[in-house]
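Undergrad: Structure below; questions to follow.
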Amino acid sequence: MKERNDGGIKCSEIVEVLDDYAEGILNAETTKKIQNHLRSCENCANFGARYVALLGLLKEQGPHVLI
Amino acid sequence: MNEQEMKIAFAETAQGNTNAFSPIARQLRPAITRFVLSIVKDEEAAKDLVQDAFIRAIEKAASFRGDSSVKTWIFTIARNFAYAHLRRRKLQERSVSTLELAMGAGWGSYSDPEKIASLKEETLILHDALAALDPETREIILLRDIESYSGKETADIMELSLAAMKTRLHRSRLKLLAELKRRLK
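Sequences listed follow chains A and B, in order. FYI, the numbering for the first sequence is 1 to 67, going by the numbering used here. FYI, the numbering for the second sequence is 1001 to 1185, going by the numbering used here.
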């Protein structure tokens, strides 16, 4: 799988900052780069959506998911 | 019982009134038991370890300086007991890059976020994926993502810096995604 460098940021860098992006704590410049990357890189867009969906699911399920 | 009430009751405990600890134990027992159980995977052992942790907390109450919340302090004691119980050599984490972990978790292959969302109806898959994780990986997800402790509280309980906690959390979430991917095929 080839890594892309869309929007001035690489796929590996996107993966690294997913948490901060999801929390909305990155600066405006980096956020813009990520948004541009996600618009053109299907791999990262799919993966980001999956990642965010997991966080939502864990929060929604709560502790009983462990029992 | 809010944090202030807990601190007052714990101060009374430190002065020898062990009955003052009862409401603290009552309030914290469910969450601490879930937490310890997530590490040791043995219900009976978890109950015993939580009880041991409460006893240790009473014994050491006088040394509590209030730098953290009472809850965090007792969680930390329970965590130490849980890992002592495991008596296992710490697994040396393989040196795998985050992108490699992400590939294992579905980056670069077809992945449908709807599949994750649909797990609402199939919590058994999520339960199994969580159970398959090693204790440290499961522990951080339990604290931060399931019990919704703040980043600072999670780092305090795990005795990590905030930065180290964030790195471990990210890698742990990727490992959980990989386990889910395996089960969703």
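We treat Cβ as the ideally placed atom computed from N, Cα and C, and that holds for glycine.
1) With respect to 8 Å, is the separation between the Cβ of Ser1097 (chain B) and the closest non-hydrogen atom of the ligand FAD below this value?
2) Can you tell which of A:Cys44, A:Leu54, A:His64 has its C-alpha closest to the C-alpha of Pro2 (chain A)?
3) Residues in its own chain within less than 7 Å of Phe1075 (chain B) by CB, not counting five upstream and five downstream?
4) Listed in chain order, which residues of the stretch 1138-1150 of chain B have Cβ atoms closer than 8 Å to some Cβ of chain A?
5) Please state whether DSSP places Arg4 (chain A) in a helix, a strand or coil.
6) Would you say Leu1049 (chain B) and Ala1082 (chain B) are within 9 Å of each other, going by their C-beta atoms?
7) Using a threshold of 9 Å, state whether the C-beta atoms of Ala1014 (chain B) and Ala1053 (chain B) are closer than that.
8) Identify the contact partners of Ser1038 (chain B) in chain A, using a Cβ-Cβ distance below 7 Å as the criterion.
9) Return no unless some Cβ of chain B is closer than 9 Å to the Cβ of Tyr51 (chain A).
10) Report the rounded CA-to-CA distance for Lys1166 (chain B) versus Ile1039 (chain B), giving the unit in angstroms.
11) Between Ile14 (chain A) and Ala1046 (chain B), what straight-line distance do the alpha-carbon atoms span, to the nearest angstrom?
12) Between which two residues does the alpha helix (DSSP H) containing Ala1156 (chain B) stretch?
13) Give the residues of chain A in contact with Gly1066 (chain B), contact being defined as C-beta atoms less than 7 Å apart.
14) Applying the criterion that 16 or more other CB atoms from any shown protein chain within 10 Å of the CB defines a buried residue, is Ser1202 (chain B) buried or exposed?
15) Would Asp964 (chain B) pass as a contact of Leu55 (chain A) if the rule is Cβ separation under 9 Å?
16) Short of 8 Å in beta carbon distance, which residues of its chain neighbour Gly1106 (chain B), apart from the five on each side in sequence? Order them along the chain.
17) Which same chain residues end up closer than 8 Å to Lys1041 (chain B) when comparing Cβ atoms and leaving out the 5 residues on each side of it in sequence?
18) Please report the straight-line C-alpha distance between Ala1155 (chain B) and Gly8 (chain A), rounded to a whole angstrom.
19) Output, in chain order, the set of chain A residues within a Cβ distance shorter than 7 Å of His1085 (chain B).
20) Please classify Gly1066 (chain B): does DSSP put it in a helix, a strand, or coil?
21) What residue ranges within the stretch 1009-1083 of chain B form continuous alpha helix (DSSP H) runs of no fewer than 4 residues, ordered along the chain?
22) By alpha-carbon positions, which one of B:Lys1007, B:Ala1084, B:Ser1097, B:Ser1109 ends up nearest to Ser1068 (chain B)?
23) Which one of B:Leu1037, B:Met1001, B:Ala1062 has the shortest CA to CA distance from Pro63 (chain A)?
24) Is Glu1093 (chain B) close to chain A? Criterion is C-beta to C-beta, closer than 9 Å.
25) What's the call for Ile34 (chain A), buried or exposed, on a 16-neighbour Cβ count within 10 Å?
26) Please name the residue, chosen from A:Arg50, A:Lys10, A:Arg39, that lies closest to Ala22 (chain A) on a Cα-to-Cα basis.
TA: Concretely, from the data shown:
1) Absence of the ligand FAD from the depicted structure is noted, as is the absence of any ligand whatsoever, leaving it without description.
2) Numbered from 1 along the first sequence, position 2 holds the residue referred to as residue 2 (chain A). Here residue 2 (chain A) is Lys; the residue named in the question, Pro, does not match the sequence. The option with the nearest alpha carbon to Lys2 (chain A) is A:Cys44.
3) The residue labelled residue 1075 (chain B) in the question sits at position 75 within the second sequence. Taking Phe1075 (chain B) as the centre and dropping the five residues before and after it, the same chain places the C-beta of Ile1032, Phe1035, Ile1157 closer than 7 Å to its C-beta, in chain order.
4) From the stretch 1138-1150 of chain B, only Ile1141, Leu1142, Asp1145, Ile1146, Glu1147, Ser1148 have a Cβ closer than 8 Å to chain A.
5) Here residue 4 (chain A) corresponds to residue number 4 of the first sequence, with the count starting at 1. In this structure, Arg4 (chain A) counts as coil in the three-state DSSP scheme.
6) Your numbering for residue 1049 (chain B) matches position 49 in the second sequence. Your numbering for residue 1082 (chain B) matches position 82 in the second sequence. For Leu1049 (chain B) and Ala1082 (chain B), yes; Cβs fall inside 9 Å.
7) The residue you call residue 1014 (chain B) lines up with position 14 of the second sequence. The residue you call residue 1053 (chain B) lines up with position 53 of the second sequence. A distance of 9 Å or more separates the beta carbons of Ala1014 (chain B) and Ala1053 (chain B).
8) What you label residue 1038 (chain B) is simply residue 38 of the second sequence in a count that begins at 1. Result: Leu66.
9) Taking the first sequence and counting its residues from 1, the one referred to as residue 51 (chain A) is at position 51. For Tyr51 (chain A), the answer is yes, since a Cβ of chain B falls inside 9 Å of its Cβ.
10) Counting from one through the second sequence, the residue named residue 1166 (chain B) turns up at place 166. Counting from one through the second sequence, the residue named residue 1039 (chain B) turns up at place 39. The alpha-carbon atoms of Lys1166 (chain B) and Ile1039 (chain B) are separated by roughly 19 Å.
11) For this step, residue 14 (chain A) is matched to residue 14 along the first sequence. For this step, residue 1046 (chain B) is matched to residue 46 along the second sequence. Spanning the two alpha carbons is a distance of roughly 39 Å.
12) As a first step, residue 1156 (chain B) is located in the second sequence; it is residue number 156 there, counting from the start. Going by the sequence as given, residue 1156 (chain B) is Asp instead of Ala. Segment 1151-1157, the alpha helix (DSSP H) holding Asp1156 (chain B).
13) Mapped onto the second sequence, residue 1066 (chain B) falls at position 66. What Gly1066 (chain B) touches in chain A: nothing, since even the nearest Cβ is about 28 Å away.
14) Lying before the first or after the last residue shown, residue 1202 (chain B) is absent from chain B, which here runs from 1001 to 1185.
15) Look at the range of chain B in this structure, 1001 to 1185, and you will see that residue 964 (chain B) is not part of it.
16) Against the second sequence, residue 1106 (chain B) aligns to sequence position 106. Answer for Gly1106 (chain B): Leu1177, Ala1178, Lys1181, listed in chain order.
17) In the second sequence, the residue the question calls residue 1041 (chain B) occupies position 41. For Lys1041 (chain B), the CB contacts under 8 Å within the same chain, skipping 5 residues up- and downstream, are Ala1131, Pro1135 in chain order.
18) Mapped onto the second sequence, residue 1155 (chain B) falls at position 155. Mapped onto the first sequence, residue 8 (chain A) falls at position 8. If you take the alpha carbons of Ala1155 (chain B) and Gly8 (chain A), they lie about 32 Å apart.
19) Your numbering for residue 1085 (chain B) matches position 85 in the second sequence. Within 7 Å Cβ-Cβ: nothing; His1085 (chain B) doesn't reach chain A, min ~18 Å.
20) On the second sequence, residue 1066 (chain B) is found 66 positions in, with the first residue counted as 1. In the structure shown, Gly1066 (chain B) sits in coil (DSSP, three-state: anything other than H, G, I, E or B).
21) Every alpha helix (DSSP H) of 4 residues or more that sits fully in the stretch 1009-1083 of chain B is shown, in chain order, as 1022-1040, 1043-1059.
22) Against the second sequence, residue 1068 (chain B) aligns to sequence position 68. Of B:Lys1007, B:Ala1084, B:Ser1097, B:Ser1109, the residue nearest in Cα terms is B:Lys1007.
23) The residue you call residue 63 (chain A) lines up with position 63 of the first sequence. Measuring C-alpha to C-alpha distances from Pro63 (chain A) to each of B:Leu1037, B:Met1001, B:Ala1062 identifies B:Leu1037 as the nearest.
24) Within the second sequence, residue 1093 (chain B) is the residue found at index 93, counting from 1. Confidence at Glu1093 (chain B) is low in this model, with a pLDDT of 44, below 50, so the placement of that residue is unreliable and no value is reported for it.
25) Within the first sequence, numbered from 1, the residue matching residue 34 (chain A) stands at position 34. A residue is called buried when at least 16 other Cβ atoms come within 10 angstroms of its Cβ; Ile34 (chain A) meets this threshold and is buried.
26) Stepping through the first sequence from its first residue, residue 22 (chain A) is reached at position 22. That would be A:Arg50, whose Cα lies nearest to the Cα of Ala22 (chain A).
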